[in-house]
Structure formats: structure tokens, C-alpha cells
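>
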Amino acid sequence: MTQENSVCMQSVDMDLTCLPPGNTSLQQACVVIENSQTVTLNAPKGSATMKSSEKGIGMSLHKFSFSQIFGPDTTQAELFENTVKNQMNDFLDGKNALIFSYGVTNAGKTFTIQGTDRSTISL
Numbered sequence: 569m570t571q572e573n574s575v576c577m578q579s580v581d582m583d584l585t586c587l588p589p590g591n592t593s594l595q596q597a598c599v600v601i602e603n604s605q606t607v608t609l610n611a612p613k614g615s616a617t618m619k620s621s622e623k624g625i626g627m628s629l630h631k632f633s634f635s636q637i638f639g640p641d642t643t644q645a646e647l648f649e650n651t652v653k654n655q656m657n658d659f660l661d662g663k664n665a666l667i668f669s670y671g672v673t674n675a676g677k678t679f680t681i682q683g684t685d686r687s688t689i690s691l
């Protein structure tokens, strides 16, 4: 009996949700949403990263690309519709699905995945 090795190549959607900036101008200037797929991180003035970049070691600006970027004004319903809904429907139809939320403590990961007791969105 021969066993075939089959490889399934699929892309993974990597979405980013940006929280509202803090009240300081420093926090507001560090993260810039360029468009629906690109975010730029600027090193804060006086930070170790900025000082290193001024010495020619490293960079003070970093660009990252995502499948989709959701700004601070995005509602839970919009986030669900654009990221999770299709996977949930596929899962309910018997297909495999993985929804993974990653971020710092108190960033809203659990709320993003579970919502509240009162929040319901129909599929």
C-alpha cells in the first residue's frame, strides 16, 4: 500500500485592529495607518530605537502589510463581518477553521472573540 504525501497550500489572512491612540501626541504619532493594508510605525523621539537609528544602527520607521487593517473606529459588527463570519459559516458546514487573536494584555482580544453577554450577531 502506497501512501501519498499531499501538500495543501493555502494563504493565511493576517488582519490588524488598531486601538484608539492614547491622549499624548507621542502615542498618536507612532502608528500611522497608510491605507487598508499598510501600517507604519515611527520610533518615538528620544526612544532607544530612535537614538540607534540616529547613529546608523537600525531604522526609526517600519512598514508592515496585512490582509486588512481596521482602524480605531471599527465596530465589533464590522470586524466580525469582514474577518470571522465566513470562517464561522464554513465551520458550521463541517470545515476546519482557526481564528487566532494575539496582542498585549488588555488590548481587547477576549472581547473581540467573545463579545459581551448581550452582544449577538446573526450569521
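Under the numbering used here, the residues of the sequence shown are numbered 569 to 691, in order.
Heads up, the beta-carbon is just placed ideally off N, CA and C, and yes, glycines get one too.
Which complete beta strand (DSSP E) runs does the segment 579-650 hold, if anything under 3 residues is left out?
583-585, 599-601, 606-610, 629-633, 636-638
> Considering only the beta carbon of each residue, do Thr-606 and Phe-638 sit closer than 9 Å?
no
> Less than 6 Å between C-beta atoms, sequence neighbours within five positions excluded: which residues of the same chain meet that for Met-627?
Ser-621
> With DSSP as the reference, label Asn-654 as helix, strand or coil.
helix
> Give the single residue among Glu-602, Thr-684, Ala-597, Asp-685 whose Cα lies nearest to the Cα of Leu-584.
Glu-602
> Would you tell me roughly how many angstroms separate the C-alpha atoms of Ser-615 and Thr-680, rounded to the nearest one?
31 Å
> Return the CA-CA distance between Gln-655 and Ile-625, expressed in angstroms with no decimal places.
43 Å
> Assign Phe-668 to one of three DSSP states: helix, strand, or coil.
coil
> Would you kindly check if the distance between the Cβ of Lys-677 and the Cβ of Gly-671 is under 9 Å?
yes
> What does the alpha-carbon distance come out to for the pair Val-600 and Pro-612?
12 Å
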